[in-house]
Amino acid sequence: MSLPNLFARIEPLLARVERPSRYINSEYGAVHSDEHVDCHVGFCYPGTYEVGQANQALQILCYQASRLDSVSVQRVFLPWVDLSELMRSHDIPLFTLEECNPVRDLDILGITLPYELSFTTILEALDLAKIPFYSRDRDESYPLIIGGGPSVYNPEPVAGFFDAFLVGEGEEAVAEIIGQYREWKQAGESKTALLKRLASLSGVYVPSLYNVSLSTDELTGAAIIDAVTPNDGLSPVIYKRVVTNMDEQTPPTCPVVPYMDVVHDRFALEVLRGCTRGCRFCQAGMTYRPVRERSADEIVKLALKGIACTGYDDVSLTSLSTADHSQLEEVLRRLNKQLQGSGVSVSLPSLRVDAFSVDMARLIAGSGKKSGLTFAPEAGTQRLRNVINKNVDEQQLLDTIGYAFDAGWRRVKLYFMIGLPTETDADIEAIGQLAYKVFEVAREHTPKGQRGNIRIGVSVSTFVPKAHTPFQWEPQNTLEEIYRKHKVLRDAMPRKGIELSYHDAEVSFLEGVVARGGRDLAPVLVQAWKNGARFDAWSEQFRLSRWIDAFETCDFDPTLVANRERSFDEILPWDHLSTGVSKSYLKREALRARDEKTTKDCSFSGCTGCDACDVLGVDIVVGGVRS
Amino acid sequence: MSSEFRLRVQFEKREKGAWLSHLEVLHTVDRIVRRARLPYAITQGFNPHMKLAFGPALGVGTGSTGEYFDVWLSEYVKPDNVLAALQQASTAVLPIVAVGYVGAKEPSLAASLTIMEFRARVYALDIEVSELEAEFRRLQQQEVIEIEQKNKIKFFDPATCIPKDVIVSQEEGVTEITLTLRVSQAGSLRPDSLLNLALANCNAHYSHFMMVRTSLFSEIDDGQWVRPL
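Protein chains in written order, with the numbering used here: chain A, -14 to 612; chain B, 51 to 279.
Okay, structure coming up:
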C-alpha cells in the first residue's frame, strides 16, 4: 500500500525558505522502502532536521525498525517557522522525510521527548499533521502516537496527547510494539483493544488506563495527587525497559550522512550506557542505570566500520561519562594506530575531571584535532560539590588543566550550576575564584608565545529539580533569586581571561514547571502553543509572555510546581513509572546531601543499594577494572 | 608535491540536489572521497585537510549537469577504478559522471572556468515566447544592465557578461530559457537575477522556475571554449 508523495507541492516553496536542504532527503545511508509494505512507521524528533538528525536514539530506533520485514520506516522533523507558515497557507500537511508522505497517513508515529520545552513543538507537529491533540479524540483512522526518550520519565504533562509511552531503552521493544500493532490491525479490533495489547508489553505505559485523582492542598493551594489507579489487571508501576548487554545490540554503523551541517556532525558511537557516579541533580544518572560497557573489541570494530561507511573525519565516543570506560585507554591506543595519517580524529564528549590523567591527555591529543576540552565541576566549593555528590576536588581540576595544557590544548570549557540546594553566595563567588585559578594554571602550562590562544569558557546553568533524582523534592530558586545570583556571579568573575555565559533564567524556570508538572499542565501547554510557543529552545523564538498568558488563562500558578518544596510523603506525578532505582534510595541520598556526605560509584566500589539491578534483573557490565 | 596525482571529477547536482548550498556540496564531496577509500593527499599546516578544489559556486536552488572538483591523490589509481568507487560512494542526487587526470600545473577550476551555460524552466508563464525573447534582446543591446543582487544594485556590461544570445522556447506548457554568462572578476551576473529582471520588465506572472547549470567552459587564447574534462 503506497501513500501519496507531497514533494511536488513542497518543492515550489523551497526557494522562499532558509536552508531548504532540511527537506530534501536522499542522503547517503537513507533507506527508501520498497512497495511491499504493510506497516508505515514514522520516528519524529520535535525539532528541525539539523538538531534531530544528530540524535543517536532516533538513528538506533530507525535502524532497528528497518530490519523488520514489510515495514516502512521514515524520519519526521519539524519544518522551520518559515516553511510551516507556507505549508498552512498552501494547505500542505506535515510530511515524512524519505517519501514525503503525509504524517497523518502513517500507521505508527513515534515521537521522542528530548527535553521539557519541546512539548509545545510536539503540539505544533500534531497540528501541522492535522492530528487531534488529545488521544481521546483520535479513532483507529489516526496513527498510533507513542512517546519515548529522555523526558519520558515524567510524561504526565503530555500524557493526554499520547496513546502510549515506551519507558526506557527501545532497541528490543520497538519490534514488539510494531508486532502488536500489526496483529491488532489484522484482527480488525477497536482502538481500546490496541491500547490493552500495548499495555501488556513490558515498559509500555498507556496513560488512559491509569486514572489520576487530584485534590487541592489547603495550605499551599497546590494540586496534590491522591492516587494513581490502574485499570484492572494492570501493574501499578511500569518499569523501564533495559538492554542487558551492549555488545548484543548492534548500533547502526552506516547511518544517514546528512548533506547539511548538523549539531554533531560526526560518526557517533555509544561506548557505554549508564553512569553511577551518583550526581544528585542528574536525572540521566538515575534513569540509565546500571552501567553497561561495550567491549573494547566491539568499539574499535564498530568505529572503523562506521568511519569507512560514512566518510566522516571524526568519530565521537559517546556516553554519559566516556572517560570512565574501563578500557578507554586501550580503545584510544588502538584507534590512534589504525587512523594514523588518515586525517580522522577521535573526540570525547564532556569529561570527568577525576577520570582525566596524563596518559589520557596524551592519547586524546594523539587522536587528532584538539578542538577543546569540557569539564563539569558544577559547583565552586568542595562543600557544595559534596552536597551534589560530585566527587571532584579542586586540586584534581587544576592538575587536569595542567595535563591538558601540557598536551597542547588551549581551550577549556567549564560547566557550573547555580541554584543548587543549600547554596550560599560564598559558593557562587567561589566559581569566579576557581575560574581564575584555572586560568592561572593554564598560563603556567602554556609556552609564553601561545598564551594569547588560551580560552577559558565558564558556562553556568540554573538548577532544575528533576523527577527520579534525590533532589526531586527540592524547590527551584525563584526567578528573582536567580537574577540576584547572576549578579553575584558576574561580580565574582575575573575581569580578563574568562568568557562567561549563563542560561536564560526564564527558560530554566519553565523547565522547572514542566519537569515536575502533572496532567493538569496539559491545557497550559495547549494555550501556550496557541499563543505561539514552539521551538522554545531557540532563543529568538522564546517569549516568556506566551507562557505567562497561558498560565493566567488556565488559572494555573506555576510557582506551586517549580518553587514548592515537596514532602517525602507526597505522591509525585511520576511515581507510577520506575527507573529501577527505589524511592527510598533517592530519599536516603537526599538526606545525605543535607549532611554533605558523599556516596561512591558502585561500578568502581561496592553496591550502594539503589535496587536497580535487582528490580530490573540486570547487572553492571564492565570490561576491565574501573579505577 | 610531484608525487601527487591531480584527478578531475565531473558530477551532477540533480533534482533535489539543486537545493544544496555550495558549502554543503563541498562537505559532501569530502565524505564521498573518504567513503570511496581513495588515497587522498592531505594539506600540511595547523589544520590538515583533504586537498580538494572546486569550480565556481552554484547557488541554492540551482541544479547542474556538469560540475567539477579536483582531488589530489598520493598514489595513482586507474580512472575506471576511481570512477566505480566514487559512484558507489555517492548518492542519486550527486551522481559522479566522469573522471580524468589533469596536469599539476593546470590553472585552478575556479580561475579557469569563466563561461557558464544555464537552462531555466519557467512554469505557468503567462506571456508569449516572442515577448520574452524580445526583452532579452533589448537587455543585451543596452550598454549597462542595472540589477539588484543580494540587496545591492550592481552594474554589468551585457556585451561582456552575456556572450551568446539568450534562447527561449516552449514545450508542453513549460517555457525553457538558455542563458550563457561569463564570470568576471568584479562579480558575476546571476542567471536567476537576469531572468527575474526580464520577467519583471515584461510584467509576467508564473508559478515558479527551476534553474540548472548545464555546462562550464574555459576560454582559451584563440577564443575557443573548452570543457574542463
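Virtual Cβ for every residue (Gly too), placed ideally from N, Cα, C.
On a Cα-Cα basis, can you pick out the residue from the options that is closest to residue i?
i, options, result
"GLY404 (chain A)", "A:ARG226, A:LEU320, A:GLN380 and A:GLY497", "A:GLY497"
"ARG428 (chain A)", "A:ILE441, A:VAL16, A:ASP282 and A:LEU219", "A:ILE441"
"ALA254 (chain B)", "B:VAL179, B:GLY105 and B:ILE146", "B:VAL179"
"CYS24 (chain A)", "A:ARG167, A:TYR127, A:ASP76 and A:GLU414", "A:ARG167"
"GLY223 (chain B)", "B:VAL262, B:VAL216, B:HIS258 and B:VAL233", "B:HIS258"
"ALA492 (chain A)", "A:ASN230, A:TYR100, A:ALA308 and A:VAL285", "Reading off the sequence shown, one finds Val at residue 492 (chain A), where the question assumed Ala. When each option's Cα is compared against that of VAL492 (chain A), the closest is A:TYR100."
"PHE456 (chain A)", "A:VAL152, A:ARG579, A:ARG480 and A:ALA597", "A:ARG579"
"GLU414 (chain A)", "A:PRO275, A:GLN38, A:SER220 and A:ARG475", "A:ARG475"
"SER(-13) (chain A)", "A:ASP505, A:VAL22 and A:LEU(-2)", "A:VAL22"
"SER567 (chain A)", "A:ASN548, A:ALA452 and A:GLY609", "A:ALA452"
"SER11 (chain A)", "B:LEU73, B:VAL83, B:ALA68 and B:VAL233", "B:ALA68"
"ASN(-10) (chain A)", "A:LYS572, A:ALA158 and A:GLU84", "A:GLU84"
"THR359 (chain A)", "A:ILE483, A:LYS375, A:ARG396 and A:SER304", "A:ARG396"
"ARG611 (chain A)", "A:GLY263, A:GLY291 and A:SER311", "A:SER311"
"SER588 (chain A)", "A:ARG531, A:GLU278 and A:VAL473", "A:GLU278"
Using a 10 Å radius around the Cβ and a threshold of 16 neighbouring Cβ atoms, would you call residue i buried or exposed?
i, result
"ALA420 (chain A)", "buried"
"MET51 (chain B)", "With a pLDDT of 49 at MET51 (chain B), under the threshold of 50, the predicted position of this residue should be treated as unreliable, though the coordinate-derived value follows. The residue in question, MET51 (chain B), is exposed, as its Cβ has fewer than 16 Cβ neighbours within 10 Å."
"GLY591 (chain A)", "exposed"
"THR409 (chain A)", "exposed"
"HIS99 (chain B)", "exposed"
"ALA174 (chain B)", "exposed"
"ASN201 (chain B)", "exposed"
"GLN235 (chain B)", "exposed"
"THR280 (chain B)", "In this structure chain B extends from 51 to 279, so residue 280 (chain B) is not present and cannot be described."
"ILE270 (chain B)", "exposed"
"ASN40 (chain A)", "buried"
"THR210 (chain B)", "exposed"
"SER126 (chain A)", "exposed"
Taking only heavy atoms of the ligand ZN into account, decide whether any of them is closer than 7 Å to the Cβ of residue i.
i, result
"VAL121 (chain B)", "For the ligand ZN, the structure offers nothing, since it holds no ligand at all."
For the alpha helix (DSSP H) containing residue i, list its first residue and its last residue.
i, result
"LYS63 (chain B)", "From DSSP, LYS63 (chain B) is part of no alpha helix (DSSP H) but of the beta strand (DSSP E) over 55 to 63."
"PHE536 (chain A)", "529 to 538"
"ASP410 (chain A)", "410 to 429"
"THR578 (chain A)", "It should be pointed out that residue 578 (chain A) corresponds to Ala in this sequence rather than to Thr. Looking at the DSSP string, the run of the alpha helix (DSSP H) that includes ALA578 (chain A) is 568 to 579."
Taking Cβ to Cβ, would you say residue i is nearer than 8 Å to residue j?
i, j, result
"PRO215 (chain A)", "TYR190 (chain A)", "no"
"LEU111 (chain A)", "VAL26 (chain A)", "no"
"SER114 (chain B)", "VAL262 (chain B)", "yes"
"VAL61 (chain A)", "LEU79 (chain A)", "yes"
"GLY294 (chain A)", "THR238 (chain A)", "Residue 294 (chain A) is actually Cys in this sequence, not Gly. Taking 8 Å as the Cβ cut-off, CYS294 (chain A) and THR238 (chain A) qualify as a contacting pair."
"THR81 (chain A)", "GLY133 (chain A)", "no"
"LEU180 (chain A)", "ASP148 (chain A)", "yes"
"LEU123 (chain B)", "ALA91 (chain B)", "yes"
"ALA148 (chain B)", "GLN274 (chain B)", "no"
"PHE28 (chain A)", "LEU510 (chain A)", "no"
"ALA340 (chain A)", "ALA364 (chain A)", "no"
"ALA64 (chain B)", "VAL172 (chain B)", "The identity of residue 64 (chain B) in the sequence shown is Arg, whereas the question assumes Ala. Against a cut-off of 8 Å, the Cβ pair of VAL172 (chain B) and ARG64 (chain B) comes out as no contact."
Distance check for residue j and residue i, CA to CA, integer angstroms please.
i, j, result
"THR228 (chain B)", "GLU181 (chain B)", "15 Å"
"ASP202 (chain A)", "SER552 (chain A)", "12 Å"
"PHE267 (chain B)", "ALA170 (chain B)", "18 Å"
"ASP122 (chain A)", "LEU601 (chain A)", "35 Å"
"GLN199 (chain B)", "ILE177 (chain B)", "24 Å"
"ARG501 (chain A)", "ILE146 (chain B)", "53 Å"
"ASP554 (chain A)", "GLU465 (chain A)", "29 Å"
"CYS598 (chain A)", "ILE605 (chain A)", "8 Å"
"TYR119 (chain A)", "VAL58 (chain A)", "24 Å"
"LEU257 (chain A)", "PRO275 (chain A)", "10 Å"
"THR303 (chain A)", "PHE252 (chain A)", "10 Å"
"THR463 (chain A)", "ASN548 (chain A)", "6 Å"
Could you please give the first and the last residue of the uninterrupted beta strand (DSSP E) stretch that includes residue i?
i, result
"ALA518 (chain A)", "Taken as a continuous stretch (DSSP letters only), ALA518 (chain A) belongs to no beta strand (DSSP E), as it is neither H nor E."
"THR295 (chain A)", "Per DSSP, THR295 (chain A) belongs to no beta strand (DSSP E); it is in the alpha helix (DSSP H), 281 to 295."
"ALA253 (chain A)", "252 to 255"
"ALA149 (chain A)", "149 to 151"
"GLU185 (chain B)", "Segment 179 to 191 is the alpha helix (DSSP H) holding GLU185 (chain B); no beta strand (DSSP E) there."
"PHE146 (chain A)", "Per DSSP, PHE146 (chain A) belongs to no beta strand (DSSP E) and is neither H nor E."
"ASP596 (chain A)", "Note, ASP596 (chain A): premise wrong, no beta strand (DSSP E); not H, not E."
"PRO215 (chain A)", "208 to 215"
Interface residues of chain C around residue i at Cβ under 7 Å?
i, result
"MET100 (chain B)", "Protein chains A and B are contained in the structure displayed, whereas chain C is not."
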